[in-house]
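A short worksheet on the structure shown next.
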Amino acid sequence: MNPRLKATEKQTPGFASLVGQDRPVRLLTAALARGALPHAFLFTGIEGIGKKTAARVFAMACNCFERLSPSQTRPSEDAGMEPCGRCRSCLKITSDNHPDVIWIRPAGDMIKVDQIRALCGKLALKPYEAATRFAIIAHAHKLNPEAGNTLLKTLEEPPAHTVFILTALQASDILPTIVSRCQHIRFNPVSVNSLRTYLEKTHGLEAEKAAAIAAMAGGSITRAESMIASAWVRKRDWIIDELEALPNRPVNLCLAFSEALSKNKDGIFTAFEIMKNWLRDLVIYPSAPERIINKDLTQKIKASFQKAPVGDRLQKIRAIERAEADIRSNANLRLSLDALIMTLSREN
């Protein structure tokens, strides 16, 4: 984390930690209140919005000693929906050390049949200590065909006292016969306002910087936090400064910028996104200043938006999009960047 960020308290794990997911929380707490759980859930949505966190919290709530009656088979009458986060069961689940909360994750690019067979072997035994055992299959869209068919057989005759939770990007990536045996809960991208508030509260960001990161994060908390950890604001400021200086620079300095970008291949599409959003902000600022993404750079935008006509900036956005498409199609990275940077350096 950026050392300039304020220290913040670690949030107690619970449903309240799921940012912007009111509907999934309502559905899960309603299932808890009824006390009759479906044998399988499917959580879908983009990466980094809380699907795996929800699976962990739900497993905690179903097995929390403070929520359960002395028999540890049902909630006590005065129990709330939130897990306590401090009993032995909650602590084990939080640290992924609970013997009855089993996580399956891809081995490389896929989930293999041997992983599912090993899971089924464990589920054939009685739970060690949990009231409700959980099998959580993260990235279930990566099940290979044989693994998917093996899982399907288990879902058709599920073990007692066991709940499956599958997480995936979208239901269409999973066998329809598996989807039909699950209660499907869709998780939505986190709204910009909710994400901004979360970043201010949890990471101590200034409001305008939080707003800029929230707008760029695509509704993903994980991506927003990665941007903070990678000093994204500094990178953004450098790219914008270089972009604005291009028209006044000689060719060799323009190509030096291209060379610098090419050294971080994994970050090239982030760089393109920063460029496009900056140019977009310059285009829309005169008519809709409240819609700009880089809100913390409002004064810089105000000083820059009249320096070039709107048509010129729209052409540059299209040039970035063409370069992006070329590179995704395996065009030579450095040649594509050189051509793009020279285009961006020209003023029409």
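Residues 0 to 347 (numbering that gives the first Met the number 0) are what the sequence shown spells out, left to right. Virtual Cβ for every residue (Gly too), placed ideally from N, Cα, C.
With a 10 Å radius around the Cβ and a threshold of 16 neighbouring Cβ atoms, K141 comes out buried. In the DSSP assignment, the residues bridged to T43 are A167, R185.
Excluding the 5 residues flanking it on each side, V178 has same chain C-beta neighbours closer than 7 Å at L41, A170, in chain order. K294 places its beta carbon less than 8 Å from that of A210. Y127 sits exposed, since fewer than 16 C-beta atoms from the chains shown fall within 10 Å of its C-beta. Counting only runs that start and end inside the stretch 114-139, the beta strand (DSSP E) elements of at least 3 residues fall at 132-136. Between A117 and H138 the beta-carbon gap is near 17 Å, outside 8 Å, which marks them as no contact. One thing to note: M274 has its Cβ no nearer than 8 Å to the Cβ of I326.
Between L281 and the set L296, A228, L26, K111, the nearest pair of CA atoms involves L296. A54 is positioned such that its CB atom lies no closer than 8 Å to that of I173. Taking a contact as a CB-CB distance under 8 Å, the pair I101 and F133 counts as one, their CB atoms being some 7 Å apart. Under DSSP, A206 takes part in no beta bridge, so it has no partner. Taking all protein chains in view, the Cβ of F57 is crowded by 16 or more other Cβ atoms within 10 Å, so the residue is classified as buried. With a cut-off of 8 Å on Cβ pairs, the stretch 105-120 is not in contact with the stretch 78-90, counting fewer than three such pairs. If the five residues before and after E199 are omitted, its C-beta is found closer than 7 Å to the C-beta atoms of A206, A209, all from its own chain and listed in chain order.
About 6 Å separates the beta carbon of S344 from that of P246, a gap short enough to meet the 8 Å contact definition. In this structure, the CA atom of D265 is about 15 Å from the CA atom of S257.
In the structure shown, the three-state DSSP call for A106 is strand. Cβ-Cβ separation between Y284 and F304: approximately 5 Å, consistent with a contact (criterion under 8 Å). DSSP, read as helix, strand or coil, puts I173 in coil.
Nearest C-alpha to N276 among T131, G217, R33: G217. According to DSSP, V232 shares a beta bridge with no other residue. For the pair E46 and S219, the CB atoms are nearer than the 8 Å cut-off.
By DSSP's assignment, I101 forms a beta bridge with A134.
For L334, the three-state secondary structure derived from DSSP is helix.
Using a Cβ distance threshold of 8 Å, N143 and I110 count as a contacting pair. Collapsing the DSSP output to three states places L67 in a strand. Counting along the chain, C89 sits inside the alpha helix (DSSP H) bounded by residues 87-93. Burial state of S286 is exposed, judged by a 10 Å Cβ sphere holding fewer than 16 other Cβ atoms.
For S257, the enclosing alpha helix (DSSP H) stretches over residues 250-261.
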